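Single-structure report; data block below.
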Amino acid sequence: MLNPDAKLNHDIFSKHVEEAPTRDGYGHGLLEAGKEKNVVVLSADLEESTRCHWFAKVYPERFFECGVAEQGMTTIAAGLAVAGKIPFISSYANFCPGRTWEQVRTTICYNNANVKIAGNHAGISVGPDGATHQATEDIAIMRSLPNMKVVVPCDSIEAQKATMAVSQIYGPMYLRLQREKTPVMTTKETPFVFGKAYPLWVSKGKEIDVLIIGAGPLLHNALLAAKELEKERIRSVVLNSHTIKPLDEKEILNWAKKAGAVVTVEEHNIIGGLGGAVAELLTGKLPLPLERVGIRDVYGESGKPEELIRKYHLDVKDVVVAVKKVIKRK
Amino acid sequence: MYLSHHRIKDLYEVANRLREDVIEMLVEAGSGHSAGPLGMADIFAAMYFYVLNHKPKNPNWPLRDRLILSNGHICPIQYAALARSGYFPLKELSTLRKINSRLQGHPHRGSLPGVETTSGPLGSGLAQAIGMALAAKLNNERHRIYCMMSDGEHDEGNTWEAVMFAGKNKLNNLTAVMDRNNIQIDGFTENVMPLEPLRDKYEAFGWEVIDVDGHNIEEFISAIWEAKAIYEKPTMIIAHTIPGKGVDFMERKYEWHGIPPNKEQAREALSQLRKLGGKIKSEHE
Numbered sequence: 435m436l437n438p439d440a441k442l443n444h445d446i447f448s449k450h451v452e453e454a455p456t457r458d459g460y461g462h463g464l465l466e467a468g469k470e471k472n473v474v475v476l477s478a479d480l481e482e483s484t485r486c487h488w489f490a491k492v493y494p495e496r497f498f499e500c501g502v503a504e505q506g507m508t509t510i511a512a513g514l515a516v517a518g519k520i521p522f523i524s525s526y527a528n529f530c531p532g533r534t535w536e537q538v539r540t541t542i543c544y545n546n547a548n549v550k551i552a553g554n555h556a557g558i559s560v561g562p563d564g565a566t567h568q569a570t571e572d573i574a575i576m577r578s579l580p581n582m583k584v585v586v587p588c589d590s591i592e593a594q595k596a597t598m599a600v601s602q603i604y605g606p607m608y609l610r611l612q613r614e615k616t617p618v619m620t621t622k623e624t625p626f627v628f629g630k631a632y633p634l635w636v637s638k639g640k641e642i643d644v645l646i647i648g649a650g651p652l653l654h655n656a657l658l659a660a661k662e663l664e665k666e667r668i669r670s671v672v673l674n675s676h677t678i679k680p681l682d683e684k685e686i687l688n689w690a691k692k693a694g695a696v697v698t699v700e701e702h703n704i705i706g707g708l709g710g711a712v713a714e715l716l717t718g719k720l721p722l723p724l725e726r727v728g729i730r731d732v733y734g735e736s737g738k739p740e741e742l743i744r745k746y747h748l749d750v751k752d753v754v755v756a757v758k759k760v761i762k763r764k
Numbered sequence: 005m006y007l008s009h010h011r012i013k014d015l016y017e018v019a020n021r022l023r024e025d026v027i028e029m030l031v032e033a034g035s036g037h038s039a040g041p042l043g044m045a046d047i048f049a050a051m052y053f054y055v056l057n058h059k060p061k062n063p064n065w066p067l068r069d070r071l072i073l074s075n076g077h078i079c080p081i082q083y084a085a086l087a088r089s090g091y092f093p094l095k096e097l098s099t100l101r102k103i104n105s106r107l108q109g110h111p112h113r114g115s116l117p118g119v120e121t122t123s124g125p126l127g128s129g130l131a132q133a134i135g136m137a138l139a140a141k142l143n144n145e146r147h148r149i150y151c152m153m154s155d156g157e158h159d160e161g162n163t164w165e166a167v168m169f170a171g172k173n174k175l176n177n178l179t180a181v182m183d184r185n186n187i188q189i190d191g192f193t194e195n196v197m198p199l200e201p202l203r204d205k206y207e208a209f210g211w212e213v214i215d216v217d218g219h220n221i222e223e224f225i226s227a228i229w230e231a232k233a234i235y236e237k238p239t240m241i242i243a244h245t246i247p248g249k250g251v252d253f254m255e256r257k258y259e260w261h262g263i264p265p266n267k268e269q270a271r272e273a274l275s276q277l278r279k280l281g282g283k284i285k286s287e288h289e
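Going line by line, the protein sequences match chains A and B.
Going by our numbering, the first residue of the first sequence is number 435, and it counts up by one from there.
Going by our numbering, the first residue of the second sequence is number 5, and it counts up by one from there.
Here it is, written out as structure tokens:
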């Protein structure tokens, strides 16, 4: 059943569940974060599609358009941060932090500059634009940088809370956002604490058979899978691990110990993302069977989001298959 | 501000002393860059001992002028200037590039007092300086931002992205200084990747451009004053310099871009510097 403490959306399993993109949550979050006068926002010619145009309208004097120049935007933000500002930089994840990885490494992370990077249009579900615009390695390249922290919100409401949260914690942050409308799973009342994973779903009874860990909108598929698995008497916990770095090791290990098997679910390469992070954790502290649902080290292609989710094995049935497979390996 | 002949002579002496420090640091380190630091000694002497409004004993003084070194590989000259102006003990200069040292091979913020930001990978310093200039404008702060750059790093796209942004935003509190020494690792700049006409390029992006003799301290300082008087644009001072200046066998040779002198070469270099190019016969200490 849904975790009552998470105070989730009642319509979460309805066909008519409200949908909104996580980037919208970022845009609303910026408005809220902007009440602090040191917050500034920079765009690389993607003001509207990264949703920072709302901030630009309310705080024009603190909004800077850099042109199609992600490296410039990144390094200018580093200078602003060194001078005490709290810059948010917005582009598509493939361009920033994709193209700008070295600038992020040297001038933001090594420099420990208080810059917040919002990587929009992440994942394969960007759809028709094709693989050039589908960032599926961004978590990996950000996670490997010392000082950097990584947050992947699961819906627009969580994205808004995450935007506010990262603005208030010092240091380099990567916020991963998506373009498409996705189910709003959480509510304003759902507790969000940076670095703290929490269960969305806990099967009834004392025993559980599998721990499903997810991050981002694909958690909805994990929940649908948990619901289906319950019909087959497979008991699961679905954990929302929105903060991928630092990973909430304690919460994950607690549940993993009870379950004895783990599945990760993410719209990212199975190498280096959430699946990679969990594999590193389990290998070091609690070796258990692990299956990773994610993009299997290939590039995407053009198509409708739902078609891509199916073709690249990120669907509900893929989670179900992974769960059955991992349980057999126990 | 009145600049007496006496004061100018002092600055040249400081510059020569900084050159000696650079040679001593590099030979001790066993790696590093020779030509750039020697070529920029006069300008660094002028910056740290005349131009900058700063308090070496209070390196985080909020009202200080900021000096950002974009071409971080010439940091030995900055480290020497920081130490000689009192940011940290002189004896620490000999730890350059060694384990547990505050003097990293390229500048790192937080490692050493007086280093404003992390730099070295070329093309990212100007943009950082621009970020600081923009922040100062937002805060109505009066300090100035100086960015020391190389000519070679104008091959980098990141540099030109920053140039456009500074022009667009009319950052008149920003003065960049280009070490126009015509060399980079692989050879002469105009052979590796032609950069000229640099003045026209900067002017086209909305900058004021002043060309100076980078070894004429008086001319350089007057360009700095001119830049302060320009109220609607950022300024680029193109400082024409001789790489390796002061050591005859290093001058104008791109081969000296990225290597240190060996012990014998260092002895010869120091002897030349101490004789001030033959002007004096007896070496000082």
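Backbone N, C-alpha and C define an ideal beta-carbon position, used for all residues, glycine too.
Source: prediction; values computed, not measured.
Buried versus exposed, by CB contacts within 10 Å (16 or more), residue i
| i | result |
| --- | --- |
| ILE704 of chain A | buried |
| LEU657 of chain A | buried |
| PRO41 of chain B | buried |
| ARG101 of chain B | buried |
| LYS751 of chain A | exposed |
| GLN602 of chain A | exposed |
| PHE489 of chain A | buried |
| TRP65 of chain B | exposed |
| THR717 of chain A | exposed |
| GLY730 of chain A | Before going further, note that residue 730 of chain A is Arg rather than Gly in the sequence given. That one is exposed. |
| MET136 of chain B | buried |
| ALA166 of chain B | buried |
| PHE169 of chain B | buried |
| TRP689 of chain A | buried |
CB contact check: residue i to chain B, cutoff 7 Å
| i | result |
| --- | --- |
| VAL475 of chain A | no |
| TYR526 of chain A | no |
| VAL750 of chain A | no |
| CYS500 of chain A | yes |
| GLY532 of chain A | no |
| LYS469 of chain A | no |
| THR698 of chain A | no |
| VAL618 of chain A | no |
| ALA512 of chain A | yes |
Contact under 7 Å by Cβ, residue i with residue j
| i | j | result |
| --- | --- | --- |
| ARG203 of chain B | ASN177 of chain B | no |
| ALA593 of chain A | THR456 of chain A | yes |
| CYS486 of chain A | GLU504 of chain A | no |
| GLY463 of chain A | THR597 of chain A | yes |
| TYR258 of chain B | GLY191 of chain B | yes |
| THR179 of chain B | THR239 of chain B | yes |
| ILE558 of chain A | GLY734 of chain A | yes |
| THR541 of chain A | THR509 of chain A | yes |
| GLY127 of chain B | GLU160 of chain B | yes |
| ILE27 of chain B | ALA270 of chain B | yes |
| ALA39 of chain B | GLY210 of chain B | no |
| VAL216 of chain B | ALA243 of chain B | yes |
| LYS738 of chain A | GLY564 of chain A | no |
Residue-chain proximity (residue i, chain A), Cβ-Cβ < 7 Å
| i | result |
| --- | --- |
| ILE78 of chain B | no |
| GLU207 of chain B | no |
| ASN176 of chain B | no |
| PHE48 of chain B | no |
| GLU289 of chain B | Here GLU289 of chain B scores only 46 on pLDDT, less than 50, and its place in the model is too uncertain to base an answer on. |
| ASN162 of chain B | yes |
| ALA170 of chain B | no |
| ALA231 of chain B | no |
| TYR16 of chain B | no |
Residues that DSSP places opposite residue i in a beta bridge
| i | result |
| --- | --- |
| LEU765 of chain A | A query on residue 765 of chain A cannot be resolved here, the shown segment of chain A reaching from 435 to 764 and no further. |
| TYR526 of chain A | A:ASN554 |
| PRO617 of chain A | A:GLU453 |
| THR179 of chain B | B:TYR150 and B:THR239 |
| LEU436 of chain A | A:TRP635 |
| GLY191 of chain B | B:GLN188 |
| ALA569 of chain A | A:ALA556 |
Residue i Cβ short of 6 Å to the ligand GTP heavy atom set
| i | result |
| --- | --- |
| SER670 of chain A | With respect to the ligand GTP, the structure offers nothing, as it holds no ligand at all. |
Counting only runs that start and end within the region 117 to 174 of chain B, where is the beta strand (DSSP E) found for 3 or more residues in a row? 149 to 154
So if I threshold CB-CB distances at 9 Å, which residues from the region 114 to 136 of chain B count as touching chain E? The chain inventory of the structure shown lacks chain E, comprising the protein chains A and B.
Output the residue ranges of the beta strand (DSSP E) runs that lie fully inside the region 464 to 524 of chain A and measure 3 residues or longer, sorted by chain position. 473 to 477 and 497 to 499
Could you tell me which whole alpha helix (DSSP H) segments of length 4 or greater appear in the region 684 to 728 of chain A? 708 to 719
Complete runs of the alpha helix (DSSP H) confined to the region 63 to 114 of chain B [at least 4 residues]: 79 to 88
Continuous beta strand (DSSP E) assignments of at least 3 residues falling wholly in the region 201 to 250 of chain B: 212 to 217 and 239 to 244
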